[in-house]
Each structure stands twice: as structure tokens, then as C-alpha cells.
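Take a look at the structure below.
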Ligand SMILES: [Mg+2]
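Residue numbers (the working numbering): 287 to 602.
Here it is, written out as C-alpha cells:
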């Protein structure tokens with residue numbers, strides 16, 4: 287990439303990222319300047335501000351490309367702001383999980399990022415909208431919604447994987463698996479006790495594959511329901527998911543659709559969108575097809591387990 291007509295909006299979440307990742311972002315910024323690009327750095331103040339910056343970039347005729355430096359939440363807000371604009375988006379992952387970036391085959395390795403940028407290959411990314419709130423990756427209903435709520439209540443700035451340990455243990459201790467009703471494309475597919483995931487990418491936290499058939503640009507949402515009324519059943523689902531044995535199991539419902547409706551008779555069901563607290567039930571999810579063009583490696587393979595583990599150790 288080097289057609290230096292316009293400028294690059296370089297949107298940075300200063301709160302996200304360990305020191306090593308901040309260094310990668312700085313090197314990438316310098317690389318762009320060395321290549322002759324005018325780089326306008328925007329430091330974000332809040333998630334609302336992230337979306338405002340991206341919306342501004344979306345309508346700025348002088349802006350050719352948007353670079354986002356941040357975690358999944360920051361990337362989501364930029365994608366939301368750019369929706370339908372045709373602007374190309376380059377992601378420099380610097381969060382704790384970087385679920386979307388990993389699914390796109392991007393890593394936080396400086397040289398690999400430069401290679402992806404120079405190749406100039408992009409793919410269209412679909413977005414999800416849950417009660418009007420945008421998400422890029424996964425919406426969770428129930429168990430993980432509780433965990434995310436607990437983590438976010440304690441959050442102050444950058445979080446590490448250790449921040450999840452206590453919330454996971456507390457949620458496991460207290461969770462009572464309320465009933466969830468799931469309607470996919472106007473057909474009720476589930477109405478019982480369970481845990482539900484809806485999304486657009488195959489991998490969940492730590493690379494666990496829940497929505498194993500998901501493709502981020504196929505115009506479809508993937509829905510996975512774990513029928514589950516007890517801690518023992520939950521552990522069974524979890525173990526099978528880690529071992530990639532959950533596909534086709536009789537207590538798992540898996541489908542693809544364009545819209546999903548989720549509700550519960552219980553008032554205690556929490557939701558999460560891309561790792562942040564989500565809207566209250568009932569939730570209507572719709573797909574926004576081909577919302578943003580993102581730079582991806584041509585091969586487009588999600589990062590291998592070895593690379594993920596290396597990344598994990600770099601973060602803490
Ligand atoms: Mg999809």
C-alpha cells in the first residue's frame with residue numbers, strides 16, 4: 287500500500303495494551319510515515335468517542351484508510367462507525383483477547399502487520415446488531431454474561447486474563463442456569479435451561495471454538511445452544527468444547543440464520559457483546575452484511591494455537 291493520496295486516521299485506545307503491544311503500534315505508525323503517508327493520530331477517551339472518531343473518518347473524503355489500535359471493544363466501535371463507508375480498516379491488535387483480529391489471521395507481530403498492509407488484500411466483514419448495539423464477534427447469553435458483568439464492575443483500564451479468574455469462579459459457584467428462549471429466523475429452536483452464543487467468528491476466549499462453522503463474511507449469524515441445567519452438564523459442555531467434540535452432540539443445537547430473538551422468564555440473565563456487558567433481554571439480533579472492508583492476510587487462516595499461546599505470554 288502506498289498510493290499517498292489522502293491521509294490515514296490512526297485511532298488509538300491509550301488504555302488498551304501491554305507495553306510490548308504499544309511499541310508495535312508506535313513502530314507501525316512510524317512505518318506508515320516513512321512510507322510517505324500523512325498519519326493523523328487520534329487518542330480515544332471513551333467507547334462513544336471511538337465511534338465518533340470513526341464516523342467522522344467515514345465521511346472524510348481526505349481519509350483513505352483507518353488504522354485502529356486497540357482491543358475487541360475499540361475495534362468494534364471503529365467498525366461500527368465505518369459501516370457502509372467503503373473505507374478500508376487496518377487492525378493493530380492490542381487488547382487482551384483480540385478475538386476478531388485473531389480470527390482474521392492478524393497477530394500483533396510488527397513484521398506480519400506490515401506484510402498484510404503492503405499486500406493490500408481486504409475482505410468484507412459482517413457486523414451483528416443486538417437491540418441496535420453493534421458487535422463484531424460474539425454475543426453471549428447467561429453464564430458468560432455474568433462473568434463479563436463482574437469483570438467490568440472491577441475494571442479500571444487494561445485488563446489481563448488474571449482479572450477473569452475470580453469472576454469465573456464466583457459465577458460458577460452462583461449460576462443457576464435459567465431458561466432461555468431462542469427464535470432463529472422466526473422459528474423457535476429452543477426454550478429450556480441452557481447457555482446461548484450468537485456470533486460471527488468461530489473462536490471464543492482463549493481460542494476455544496464454539497461457533498465452529500462461523501464465517502465472518504458469509505452473511506449469516508451462527509447460533510449455538512448448550513442445553514444445560516446443572517454445573518455437571520456445564521463442565522461436560524466445556525470439556526467437549528475444548529476437545530472439539532461438541533459438534534453434533536445431541537445436547538447442542540447449532541444453526542445459521544439472519545436474525546435471532548432471545549428472551550427469558552428470568553430477570554437475572556446477563557448478556558455480553560464482544561466481552562463487554564450487553565443489553566437486557568429480550569434481545570433481537572440482526573446481521574449487517576458486508577459492513578466494513580478489513581485488511582487480512584491473503585491466506586486468511588486464524589492464528590494457530592502455538593501463536594496464540596505465545597501472544598498470551600506476551601500480554602501478561
Ligand atoms: Mg457469519
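In this text, a Cβ means the ideal position worked out from N, Cα and C, and glycines have one as well. Computed from a prediction, not measured in an experiment: that's the story for all the values here.
Pairs of beta-carbons, one from the region 455 to 470 and one from the region 491 to 501, closer than 8 angstroms: are there three or more? Cβ pair count under 8 angstroms is below three, so no.
Can you tell me which of 585, 578 and 431 puts its alpha carbon nearest to the alpha carbon of residue 353? Of 585, 578 and 431, the residue nearest in Cα terms is 578.
I'd like the ranges of any alpha helix (DSSP H) spanning at least 4 consecutive residues and lying wholly in the region 346 to 401. Correct list: 358 to 368 and 385 to 389.
Within the continuous alpha helix (DSSP H) that includes residue 514, where are the two ends? From DSSP, residue 514 is part of no alpha helix (DSSP H); its letter is neither H nor E.
C-alpha distance - residue 323 paired with residue 294, whole-angstrom precision: Taking the straight line from one Cα to the other gives about 7 angstroms.
At a threshold of 7 angstroms, does residue 491 count as lining ligand 1 (C-beta to nearest heavy atom)? It does not: the Cβ of residue 491 is nowhere closer than 7 angstroms to a heavy atom of ligand 1.
Residue 435 to residue 558, Cα distance in whole Å? In a straight line, the C-alpha of residue 435 is about 8 angstroms away from that of residue 558.
To the nearest angstrom, how far is it from the Cα of residue 398 to the Cα of residue 392? When rounded, the distance between both Cα atoms is 8 angstroms.
Which of helix, strand or coil does DSSP assign to residue 601? Bear in mind that a pLDDT of 44 at residue 601, under 50, signals an unreliable position, so the number given afterwards is only what the model happens to contain. DSSP, reduced to helix, strand and coil, places residue 601 within a helical segment of the structure shown.
Neighbourhood of residue 541 by C-beta distance below 8 angstroms, restricted to the same chain and skipping five residues each side: Around residue 541, the same chain offers 470, 475, 508 and 509 as residues with beta carbons nearer than 8 angstroms, after the five sequence neighbours per side are excluded.
Check the DSSP bridge columns for residue 508 and list the partner residues they point to. Checking the DSSP bridge columns, you'll see residue 508 partnered with 485 and 542.
Per DSSP, residue 415 forms a beta bridge with which residues? Looking at the DSSP assignment, residue 415 forms a beta bridge with 420 and 572.
So, residue 310 versus residue 330, is the Cβ gap smaller than 8 angstroms? Using a Cβ distance threshold of 8 angstroms, residue 310 and residue 330 do not count as a contacting pair.
Quick one: give me the first and last residue of the alpha helix (DSSP H) that residue 467 is part of. Here residue 467 belongs to no alpha helix (DSSP H); instead the beta strand (DSSP E) covers 465 to 470.
With a threshold of 7 angstroms, establish whether the CB of residue 242 neighbours any heavy atom of ligand 1. Only positions 287 to 602 of the chain appear in the structure, and residue 242 is not among them; the question remains open.
Below 8 angstroms between beta carbons: does that hold for residue 571 and residue 344? In this structure, residue 344 does not lie closer than 8 angstroms to residue 571 by Cβ.
May I ask which residues mark the beginning and end of the alpha helix (DSSP H) holding residue 446? Where residue 446 is concerned, there is no enclosing alpha helix (DSSP H), given that its DSSP letter is neither H nor E.
State the DSSP-derived secondary structure class of residue 584, mapped to helix, strand or coil. DSSP places residue 584 in coil when its eight states are reduced to three.
I want to check one thing, is the minimum distance from the CB of residue 502 to the heavy atoms of ligand 1 below 7 angstroms? Checking the Cβ of residue 502 against ligand 1 gives yes.
Grouping DSSP H, G and I as helix and E and B as strand, with all else coil, what is residue 288? Annotation note: pLDDT 49 at residue 288 (below 50); position unreliable, no value reported.
Just the C-alpha distance for residue 334 and residue 560, rounded to the nearest angstrom, thanks. Rounded to whole angstroms, the gap between the alpha carbons of residue 334 and residue 560 is 16 angstroms.
Proximal residues to residue 544 (C-beta, below 8 angstroms), its chain only, five neighbours per side dropped: Taken in chain order, the residues that qualify are 471, 505, 506, 507, 572 and 573.
For the beta strand (DSSP E) containing residue 296, list its first residue and its last residue. Unbroken beta strand (DSSP E) run through residue 296: 293 to 298.
Could you tell me if the beta carbon of residue 506 falls within a distance shorter than 7 angstroms of some heavy atom in ligand 1? Within the cutoff, so yes.
When 430, 524, 582 and 449 are compared against residue 555, the one with the closest alpha-carbon: Restricting attention to 430, 524, 582 and 449, the CA atom closest to the CA of residue 555 is found in 430.
Does at least one heavy atom of ligand 1 sit under 7 angstroms from the Cβ of residue 412? Residue 412 Cβ: within cutoff of ligand 1.
Kindly indicate which three-state DSSP category residue 562 falls into: helix, strand or coil? Three-state DSSP puts residue 562 in a strand.
Since residue 503 and residue 410 are thought to touch, with beta carbons under 8 angstroms apart, how far apart are those beta carbons, to the nearest angstrom? With a Cβ gap of about 5 angstroms, residue 503 and residue 410 count as contacting.
Residue 327, enclosing beta strand (DSSP E) - first and last residue: Where residue 327 is concerned, the enclosing beta strand (DSSP E) stretches over 324 to 329.
Going by beta carbon distance, what residues of the same chain come within less than 7 angstroms of residue 526, once the five residues before and after it are set aside? So the list reads 532 and 535, once near-sequence residues are dropped.
Just to confirm, are residue 356 and residue 381 a CB contact at a threshold of 8 angstroms? Less than 8 angstroms divides the Cβ of residue 356 from the Cβ of residue 381.
Should residue 288 be labelled buried (16 or more other beta-carbon atoms within 10 Å of its own) or exposed? Low confidence applies here, because residue 288 scores a pLDDT of 49, under 50, leaving its location unreliable; read the following figure in that light. The residue in question, residue 288, is exposed, as its Cβ has fewer than 16 Cβ neighbours within 10 Å.
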